[in-house]
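Taken in sequence, the protein lines are chains A and B.
Under the working numbering, residues 22 to 495 are what the first sequence spells out, in order.
Under the working numbering, residues 34 to 253 are what the second sequence spells out, in order.
The beta carbon of each residue, even a glycine, is placed where N, CA and C say it ideally should be.
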Amino acid sequence: MSRRPLARPGSLLAALFGRVGVLFLVIVLVVGLIAFFTAQKRINEIYDAQMIVGANVLRALISEELSEGPNAEAGPPQLSIDDSILSPEDREAFDSYAEWRMFRIWQGRRLVLGSDTGPAIAGPPVEDGFSEVAAKDDHWRTYTLHVPAKGVTVLIGERTDIRLVLVQGIALGLALPLLLLIPTAGVLIWLSLSDGLQALRNLVAELGRRTLRDLSPLRLDAWPRDLNPLVRSINRLFERIDRSLMNERRFLDDAAHQLRTPLAAVKLQAQLIAGEADPAERQAMTAQLIDSVDRAADMTDRLLTLARLEARRGVAEEGGDLREETVAALADLAPLAARREVELAFEGPGAFPGGDPVLLRLIAANLVENAINHAPEGSEVSVRLSAAGGRRQLTVVDAGPGIPRAERERVLERFYRGPGAAPRGSGLGLSIVGEAVRLLGGRVELRDRADGAQGLCAVVELPDAGAVPAPLQT
Amino acid sequence: MRLLIAEDDPMLGSGLRRALQRAGYTVDLATNGEDAVAAMRAQTYALILLDLGLPKVGGLEALRDVRSRRDRTPVIIVTARDRPEQKVEGLDAGADDYVVKPFDLDELLARIRAQIRRGEQRTSDALSARGVSVDLAARTVTSNGGLVSVTAKEFKVLAALMRRQGQFVSKEALEGALYDDTAEVESNTIETAVYGLRRKLGAGLILTARGLGYTIPKEA
């Protein structure tokens, strides 16, 4: 499917009407022209045929005169010049041709008889058949017929503009109904187009009535078949919106749980302290209360971090270095590791430039903190950086309980805490890693340890500097 | 009075346990749904406090498991989920009450007493027999109008017997009401408590029968 936008985003109805209108006009014009030229051709044929007949009639008349002439037996027959050669009826017949017809009769090179009309013609044409003669004001078409036995030449002529008058009459007769047809058809086309677009308008109205509470799919059979692809696309969009709304709601539920539970603990502990008389008990409980407040604050921070990551539309910042950020994260987490008696080991020579430094720090810090929280006392958390094939790799290995294969996809989900989750975990650390890695166009993989020992090996792969991050999903 | 708390948050769980113990209850704590279901099947509780967002087995699932066994133990849902449809779902699944976090401790304790009262078909938290009155809410014992001081264990034994007035309660059942699953059971605790109660409230209050246990007889 091409994604080419419409050349002109104006009104669909106007565009359709314009195209159909132009097409209709072209059809009317072509039909009119064909009719005009066909009529012209037929008129020419008929008029030419009439001229041939006219010439032959004239010849027959002349022959009669010649054979009846007094010098019929002596020498070549002579035609007399006077008008008596034609009977008054014949003469009248010629007169009725009016201005636009002519005739000439020659014997040898001598003009025997001719009408008053027509151009001056010097002598009989040599060739038989049609030819054109231009006169001072007008234009004539002539037909020549030789009678060799008697040395006579007959010529019939006709003004061409008489044909034009006729053709113009026919054209006018054609054009008038066509001209009436054009506006009528225009109105009909407009009406039927807007009727056809009514279904579309209904669909628009139906969509306008929808709210976020009603994202049920549109029924396919309720709309014309042509609209089915559109309806299907809308239904798919509804589905996506619905799913993302459900995700949001789940997120809110989870967030509510994650924030209210530590707050409930805080309130409960405060109420217990209020009712506790023993000072030593009070002190121990106050320490717990402070711990709970810290936890609630930490949870709030992480929730905000994740929400901000998810709201990010693109990665603008560049110029981070994975090594720098990893080392900084390790420095931040060293006190936690010391408290939990976990050794930290780092290996990563050189520089690993590229990516948003904030995201890189979030990835390193959350992976390492997660590892420290799950690592047993006295064990080691090792962090390794490497580069290969245009990608940078951050590997964090711990000796904790690990994550069963079936759980590995789910631990990246928000708030998911596996059965082996650390009691202090928020269920957000790995989600934050996943989101940050996605923004950087990389991927996270949770594996078994390469050496087969118990524990988890988390691998983050990021594209090198300059590589284009993957487009954002919606 | 043995209660079960099913709560995965360690801080809230331990705080609740402490608060309920201070109110005189014996408390078991389950930190995931699986453990909660196992505990409910193994033990009869006076009441269950149930979080909905439990790992492994969800709170609603655990609740349905209880009710599917025709167990009528009062259940109070204690959760962060506060949308009306979530409350409806929880109550329809068989919960007797629904409390949204963060809650007020005194209110929660009152709701717990109310559910237990209703479960035992009582109208008040004051029980009395033979001139001895026990106020379960105020945790006081009076004998012939005078306040009598008793130990925590003595109070628990007295309350358990008062609740089931006219019935024999076995020594094991009394031990169950006294100890949560973490405490070591001392062999002669019940005898010691009964001895103390008889001394303070009169020898005729609590009767013993070998093989049956102890009882406070109904007033004639």
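- Apart from the 5 residues on each side of it in sequence, Leu96/B sits with its Cβ closer than 8 Å to the Cβ of Leu83, Val108, Ile110, Gly123, Ala126, Gly127 and Ala128 in its chain, given in chain order.
- Neighbourhood of Thr282/A in chain B, by CB distance below 7 Å: Asp42, Leu45, Ala113 and Lys134, in chain order.
- Against chain B, the CB of Arg316/A has a partner CB under 8 Å away; the residue lies at that interface.
- Look at Gly246/B here: in three-state DSSP terms it is strand.
- For the region 170–256 of chain A, the full-length beta strand (DSSP E) segments reaching 3 residues or more read 173–180 along the chain.
- Relative to the Cα of Trp244/A, the nearest Cα in the group Val379/A, Arg459/A, Ala285/A and Leu221/A belongs to Leu221/A.
- Around the C-beta of Gly66/B, 16 or more other C-beta atoms lie within 10 Å, and the residue is accordingly described as buried.
- Within the region 113–156 of chain B, the runs of alpha helix (DSSP H) at least 4 residues long that lie entirely inside it are, in chain order, 117–125 and 138–152.
- Residue nearest to Ala385/A within the set Gly399/A, Arg405/A and Arg125/A is Arg405/A (criterion: CA-CA distance).
- Put simply, the CB of Arg151/B is far from chain A, with every gap to its CB atoms at 8 Å or more.
- For Leu62/B, DSSP records a beta bridge to Ile38/B.
- For Leu138/B, the neighbours in chain A by C-beta distance under 7 Å run, in chain order, Leu289 and Gln292.
- Boundaries for Thr77/B: no beta strand (DSSP E) harbours it, and the DSSP string shows neither H nor E there.
- Phe45/A carries a helical assignment under DSSP once its states are collapsed to helix, strand and coil.
- Residue pairing of Arg125/A in beta bridges, as defined by DSSP: Gly135/A and Leu176/A.
- Nearest to Gly376/A by C-alpha distance, out of Leu460/A, Ile55/A and Phe38/A, is Leu460/A.
- Residue-level contact by beta carbon holds for Ser313/A and chain B, with a gap shorter than 8 Å.
- At a cut-off of 8 Å, the C-beta of Ala474/A has no neighbouring C-beta in chain B.
- Here DSSP, grouped into helix, strand and coil, assigns Gly150/A to strand.
- Leu383/A is a Cβ neighbour of Thr326/A, given a cutoff of 8 Å.
- One Cα belongs to Pro117/B, the other to Val465/A, and the distance between them is close to 38 Å.
- For the pair Leu85/B and Leu93/B, the CB atoms are nearer than the 8 Å cut-off.
- Its chain contains Glu187 as the residues whose beta carbon lies nearer than 6 Å to that of Gly229/B, once the 5 sequence neighbours on both sides are disregarded; these appear in chain order.
- Residue-level contact check: Ala171/B does not touch chain A, since none of the beta carbons of chain A fall below 8 Å from its beta carbon.
- For Asp263/A, no Cβ of chain B is located within less than 8 Å of the residue's own Cβ.
- Judged by beta-carbon spacing, Gly463/A lies beyond the 8 Å limit of Leu433/A, meaning their Cβ atoms are not closer than that value.
- Pairwise C-beta distances place the region 37–49 of chain A out of contact with the region 126–133 of chain A, as fewer than three of them are shorter than 8 Å.
- DSSP places Gly209/B in the uninterrupted alpha helix (DSSP H) bounded by Lys204 to Leu211.
- In the DSSP annotation of this structure, Gly199/B is not part of any beta strand (DSSP E), being labelled neither H nor E.
- Going by C-alpha positions, Leu234/B is about 15 Å away from Lys189/B.
- Secondary structure note for Val417/A: it is in no alpha helix (DSSP H), and the uninterrupted beta strand (DSSP E) holding it is Arg412 to Asp419.
- Among the CB atoms of chain B, none fall inside 8 Å of the CB of Ala328/A.
- For a Cβ distance threshold of 7 Å, residue set Asp42, Met44, Leu45 and Gly48 of chain B lies close to Ala286/A, ordered along the chain.
- DSSP places Glu401/A within a strand segment (E or B) once states are collapsed to three.
- Contact between the region 300–318 of chain A and the region 348–356 of chain A is absent: fewer than three C-beta pairs spanning the two stretches fall below 8 Å.
- Using beta-carbon distances, Ala52/B counts as an interface residue toward chain A, with a partner under 8 Å.
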